[in-house]
Amino acid sequence: EEYQDRTNQIQGEIFHGNEKLDQFKLEMNWNQEELEQWALAARQKEEDELTLQKYQRADDSKIRELTLAIERLTVENATKRKELEGEVTETQAAQIEMDKTAEQFRQLHEDRKRLIQRWEEAVTS
24 EEYQDRTNQI QGEIFHGNEK LDQFKLEMNW NQEELEQWAL AARQKEEDEL
74 TLQKYQRADD SKIRELTLAI ERLTVENATK RKELEGEVTE TQAAQIEMDK
124 TAEQFRQLHE DRKRLIQRWE EAVTS
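Numbering-wise (our numbering), the sequence shown opens with residue 24 and increments by one.
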């Protein structure tokens, strides 16, 4: 009987030990899953950061490209404005010259009309 009691006691200890071992295995498994989830989240964060850096570089490149285009177009715009100012000045000068020529033509036409009228009067008198 003493042997039976001792056997029962040892079996109880073994049972409790197995329960503790199972509980520990369960916790280890849970900790392993949690660790894997953390690792997956860390990898995803790294990938996101790399993607973000890639987009940042692309944006920086596009900004440089657009800035250069703005500078080039600004210079081109200034050149075209100067050309336009030159054309406007030239056109105004030509218009003034044409106005003077038209005025001279009118004056000469008036002088001719008066001269013809005086000549007709001299012939008829």
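All residues carry an ideal CB built from backbone N, CA and C; glycine is no exception.
Backbone secondary structure at residue i - three-state DSSP
i: S148; result: coil
i: E72; result: helix
i: E133; result: helix
i: E24; result: coil
Contacts around residue i, its chain only, beta-carbon distance under 7 angstroms, and the 5 residues preceding and following it disregarded
i: K103; result: none
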